[in-house]
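To start, the structure itself, in structure tokens.
Numbering (the numbering used here), first residue to last: 353 to 874.
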């Protein structure tokens, strides 16, 4: 039986050998550090700017088409032999199909990414614009409703996709507001061009259908740009990795790992407060812009061509300020301040439309509204993005906003059409509805101002870039609280708010079906 082998080194020497081995191992790159070294760099600013320019140009065609219908209200009623309620049904048709499909589109965009949705959505949008132009050519009201439905399906995809793309490239207070402002400026330019030129084209060509055919040609241009962005996005994905939020460290991804329907019920309560503000502010904007040209005709006693340019300039003349507002939000924050100012300003403008029906009173209302409406969309959308704890939910969150706005738009448009028809096509009584919506927007603005003093989550919407970066630890802590100890409470709030949204959605559908069943689409 052999004797046990004695250790050749002392315990002290063994410890020294282990320590030396550990030092050698630590000097070698670990698997995690190796993977971090092999990670692709974040997209550089020249690439980001190129993406912004391409996506911004894509929306120009859609904005042009969107500006046409409101400017052509008088012409459409005359050429298609329809009344105000039927005209409202024409516009509500687009809103209706959006409410049906928008939530699914938002979930799908979050899962698949925005580049493909922009490309294919624009193709469908162009097909719809061709059908609308053909309907105008043959003077068919029913045909035009069908074309507007196809047009809306394409618009659904592009609306969500463009902002989802921005959210995957830029973080709050770090470029998102600026890019948003640039895109909204181009939207206003497109709407200005469409609104201002619509009646000019109709009068000079002698055929109002040419207004819609020119919109078709504009949409062909946007298809070329969307194809270029589709290729550019693929190239970028191979060359670069994800952008990162400098305040929270969150990776901004182009698409989610899986389709998550439950995240609809996990949105923060701050988001739902902003939704309440958007409910009234956006519906006021939609109904006022849709009737601005005809209102100018009647109040100023001018031709449709002059009224079209007049209303277009007063609504969109402040387009150059929108990017400035976006940059200001990125640097200085103050989102609630901007939204509250818009809420109060909109109420003043609508009050003037109602109680100061003279030429000077209406002109003052148009001027005030042109200023306050310049920055409202930028502040609303940027606030919604900033309120979310997960960037991958932004497409879904924005789809809820569109669904809500279109649902209330259906109700408001049809109600307004009925009131105007009962009032011999005048604006004497229907403007009371404008004032009511604007007053509700102002009331929500007051609530938001109060919340900035009582809630840190809501107050964070006011933070500047410097404040957001300096309070990283607080943001991380609030995120943990949201998904931890406050998770149950937040789920209850989100479920309740979503339930109310579904009630509004059903109300919009009922209003649309009422308009169709009672014969207003004959």
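Think of the CB as a built atom: it goes at the ideal place given N, C-alpha and C, for glycine as much as any other residue. Being a predicted model, the structure only gives us computed values, none of them experimental.
For residue 575, the secondary structure class from DSSP, reduced to helix, strand or coil, is helix. Here residue 395 has 521, 588, 592, 595 as same chain residues with Cβ atoms under 7 Å from its own Cβ, once five neighbours each way along the sequence are excluded.
Residue 392 and residue 789 have their C-alpha atoms roughly 49 Å apart.
Residue 784 is a Cβ neighbour of residue 706, given a cutoff of 9 Å.
Within the stretch 514 to 598, the alpha helix (DSSP H) runs of at least 4 residues that lie entirely inside it are, in chain order, 528 to 557, 561 to 591.
Listed in chain order, the alpha helix (DSSP H) elements of length 4 or more contained wholly in the stretch 632 to 669 are 656 to 668. Inclusion of residue 847 and residue 600 in the CB contact set at 9 Å is not warranted, their separation being larger than that value. Going by C-alpha positions, residue 516 is about 11 Å away from residue 532. Excluding its 5 nearest sequence neighbours in each direction, residue 437 has C-beta neighbours in its own chain below 6 Å: 769, 770, 773, 872, listed in chain order. Bounds of the alpha helix (DSSP H) holding residue 425 are 425 to 431. Rounded to the nearest angstrom, the gap between the Cα atoms of residue 699 and residue 791 is 6 Å. According to DSSP, residue 604 shares a beta bridge with 595.
Ranked by Cα distance from residue 662, the first of 606, 563, 550 is 550. Here the alpha carbon of residue 715 sits roughly 12 Å from the alpha carbon of residue 703. Around residue 833, the same chain offers no residue with a beta carbon nearer than 6 Å, after the five sequence neighbours per side are excluded. With respect to residue 733, residue 670 sits apart: the two C-beta atoms are not nearer than 9 Å. At least 9 Å separates the beta-carbon of residue 701 from that of residue 586. By the neighbour-count criterion, in which 16 or more other beta carbons inside 10 Å mark a residue as buried, residue 763 falls on the buried side. Three or more Cβ pairs closer than 8 Å define a contact, and the stretch 469 to 484 falls short of that threshold against the stretch 538 to 555.
Between residue 689 and the set 541, 798, 781, the nearest pair of CA atoms involves 798. The continuous alpha helix (DSSP H) containing residue 723 extends over residues 711 to 724.
Exposure of residue 818 is indicated by the presence of fewer than 16 other C-beta atoms within 10 angstroms of its C-beta. Rounded to whole angstroms, the gap between the alpha carbons of residue 602 and residue 683 is 20 Å.
In the DSSP assignment, residue 474 falls within the unbroken alpha helix (DSSP H) covering 466 to 490. In the three-state reduction of the DSSP assignment, residue 824 falls in the helix class, which pools H, G and I. Residue 807 carries a coil assignment under DSSP once its states are collapsed to helix, strand and coil.
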